[in-house]
């Protein structure tokens, strides 16, 4: 059930190409391999099985998932295809279903092609890069080159870093970690939003490692018995370093938890999270203010480390909340 859940999510609910609504099942030796694709992303996973006769077919992915999901926990499932391969029987206990099949020879394959760079990294490290940047991915289709996370290697602080960057033109998120061995010289790649979202669900195991294979056009990630292959976004990511401020001469240090909760509280007064939160800074103190002509206003004071001239600045409330959700540790520094 867990394997089927991982794989079937790739399949779109509506498809003009019938085979893309199906999941490929291939039984051989002592395993059942499952594969699904939307032509941009492909996920394959193997699960142990008692195989009486090897073979392969494709059946409707979401229908099979719903059938298996509704069976009692721990149920054994028997899969059998008809002699002509037109149907597959799904049987468990007293339940029996017959599904229409399409030939496995019609199923597309994204795995062809070679990869120029291969490296391994902890699943938790990859999860950190995704978690810290995913919220800033653009959903605006016209700027397709912003619809993903830009991964590349870069020299920073005397070390080679693997860097993840995402931006929607309004906010930018960047995260670094020490570049894994084998990633040196890899091409800069833009991993699509859907691939990032599916990958994020697979990298929770603190003990797991991910094998990453990269080319100019594709990325393949292997974790446990799961293999994910995805096309990359064919575009040029903007020169993000030009928009990151470098001459800011003031610094504010604040307790992460206190700041996050304060921003969330004052934002409640606004029915539109896009309304501005004003930050008024003076020595040792931050005043958060939200004004909503329709419902009222809210203010909250937060103790901060700040030793410069008083100043005011405003931020989009939703953007500020997205950023505070990523703060970790005791203190955060704003510059």
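In my numbering, the protein residues as written are 168 to 502.
Quick reminder that beta carbons are idealized off the backbone N, C-alpha and C, glycines included.
Keep in mind it's a predicted model, so treat the numbers as computed, not measured.
Reduced DSSP category for residue i - H, G, I as helix; E, B as strand; rest coil
{"i": "residue 284", "result": "strand"}
{"i": "residue 233", "result": "helix"}
{"i": "residue 277", "result": "coil"}
{"i": "residue 389", "result": "strand"}
{"i": "residue 170", "result": "helix"}
{"i": "residue 364", "result": "helix"}
{"i": "residue 443", "result": "strand"}
{"i": "residue 305", "result": "coil"}
{"i": "residue 404", "result": "coil"}
{"i": "residue 334", "result": "strand"}
{"i": "residue 353", "result": "coil"}
{"i": "residue 257", "result": "strand"}
{"i": "residue 297", "result": "helix"}
{"i": "residue 397", "result": "strand"}
Best match in the options for proximity to residue i [C-alpha to C-alpha]
{"i": "residue 211", "options": "431, 475, 261, 176", "result": "176"}
{"i": "residue 347", "options": "452, 460, 430, 287", "result": "287"}
{"i": "residue 197", "options": "188, 478, 221", "result": "221"}
{"i": "residue 483", "options": "474, 496, 455", "result": "455"}
{"i": "residue 402", "options": "344, 324, 356, 386", "result": "356"}
{"i": "residue 305", "options": "461, 470, 335", "result": "335"}
{"i": "residue 245", "options": "457, 231, 496", "result": "231"}
{"i": "residue 378", "options": "343, 293, 181", "result": "293"}
{"i": "residue 520", "options": "453, 251, 261, 426", "result": "Summary: the structure shown does not reach residue 520, with the chain confined to residues 168 through 502, and so no result is reported for it."}
{"i": "residue 285", "options": "426, 205, 353", "result": "353"}
Buried or exposed by the 16-neighbour rule on C-beta atoms within 10 Å, applied to residue i
{"i": "residue 381", "result": "buried"}
{"i": "residue 473", "result": "buried"}
{"i": "residue 200", "result": "buried"}
{"i": "residue 478", "result": "exposed"}
{"i": "residue 263", "result": "exposed"}
{"i": "residue 359", "result": "buried"}
{"i": "residue 535", "result": "Because the chain in this structure spans residues 168 to 502, residue 535 falls outside the shown range and cannot be described."}
{"i": "residue 315", "result": "buried"}
{"i": "residue 504", "result": "Limits of the chain in this structure are 168 at one end and 502 at the other, which puts residue 504 out of reach."}
{"i": "residue 330", "result": "buried"}
{"i": "residue 373", "result": "exposed"}
{"i": "residue 337", "result": "exposed"}
{"i": "residue 190", "result": "buried"}
{"i": "residue 410", "result": "exposed"}
{"i": "residue 206", "result": "exposed"}
{"i": "residue 502", "result": "exposed"}
{"i": "residue 390", "result": "buried"}
{"i": "residue 250", "result": "exposed"}
DSSP beta-bridge partners of residue i
{"i": "residue 215", "result": "198"}
{"i": "residue 328", "result": "321, 345"}
{"i": "residue 463", "result": "459"}
{"i": "residue 452", "result": "449, 470"}
{"i": "residue 222", "result": "194"}
{"i": "residue 379", "result": "286, 388"}
{"i": "residue 499", "result": "421"}
{"i": "residue 159", "result": "What the structure shows of the chain is the stretch from 168 to 502, and residue 159 is not part of that stretch, so it cannot be assessed."}
Any non-hydrogen atom of the ligand SAM within 8 Å of residue i CB
{"i": "residue 240", "result": "With respect to the ligand SAM, the structure shown offers nothing to examine, as it has no ligands at all."}
contact_flag[the stretch 310–317, the stretch 415–429] where n(CB pairs < 8 Å) is 3 or more: no
Segment contact flag, the stretch 419–435 with the stretch 386–395, C-beta cutoff 8 Å, min 3 pairs: no
Segment contact, 8 Å Cβ cut-off, at least three pairs: the stretch 350–365 with the stretch 257–277: no
Cβ contact check for the stretch 203–217 and the stretch 292–299: 3 or more pairs under 8 Å: no
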